[in-house]
Amino acid sequence: PTERVRRQAPPALLSSFLLTHVSSTAEIKGNYYNQGEIRKKELEQSCCVLGIPASDVTVIDHRDLPDDPAVEWDTQLLATLVLEHIKAKNINLVVTFDAGGVSGHANHISLYNAVRYLHSEGKLPEGCHVLVLESVNLFRKYISFLDVLISCLLPRDALFILTEEETEQAKRAMRCHRSQLLWFRQLYLLFSRYLVLNSLRLL
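Residue numbers (the numbering used here): -17 to 185.
This is the structure in structure tokens:
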């Protein structure tokens, strides 16, 4: 979930007037270290901070989709679940990871593969678009707002730049995930460009 906040915060904060209202989010139940129920509550609190009500959060608890950074999820199974969610919630914009998964997390890459499959096979509902979050190199990842200069010069389909107030809101959302706030994630709160800006491209 903390990775999801890092990726969702800018789109969730800005999409209401730039692209489309984020009214729904799907999440695989984070049961790594057997903390599934704790992480579910933390996710709901985090989404609340971002203005996403708990009623619009869908948590998927599936034995074949373990919360494990080393496990690649089955593309067909995940694509089926994602498509069901898209249709049930009448979603017209999907924001997910790119092929790099931002941090190289196998679960994140699996999400990209599933959504890419739906897109390439023409299975998404008409009018449903997909934006993928750009994975950047380690240097750019940790230069915070300085990456604005680089990102503005590079090709992309959407660029979200948060105000200071919005950045603080994103940080509050991430702090809701207390069970995952290890020391290196505290550094992330201070230096990551993903809490200041996100560059995305259309599939």
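From the three backbone atoms N, C-alpha and C, an ideal C-beta is built for every residue, glycine too.
query, result
"Boundaries of the beta strand (DSSP E) in which F142 is found, first to last residue", "140 to 143"
"Buried or exposed (CB count within 10 angstroms, at least 16 for buried), E24", "buried"
"Sequence-distant residues of its chain with Cβ nearer than 7 Å to V97 (five each side left out)", "V64, V76, T78, V112"
"Of the residues E54, K22, A52, V53, the one placed nearest V39, counting alpha carbons only", "K22"
"E147 to I68 span [Cα, whole Å]", "30 Å"
"Residue from L106, L120, R183, K105 with nearest C-alpha to D139", "R183"
"Helix, strand or coil at S5 according to DSSP, with G and I counted as helix", "Residue confidence is low: S5 scores 44 on pLDDT, short of 50, so the model does not pin down where it sits. No coordinate-derived value is stated."
"Alpha helix (DSSP H) segment containing I91, residue limits", "88 to 102"
"Inter-residue Cα distance where the pair is S6 and S174", "Because the pLDDT of S6 is 49, which lies under 50, any placement of that residue in the model is unreliable, and the question is left without a value."
"Element boundaries [alpha helix (DSSP H), containing F166]", "165 to 173"
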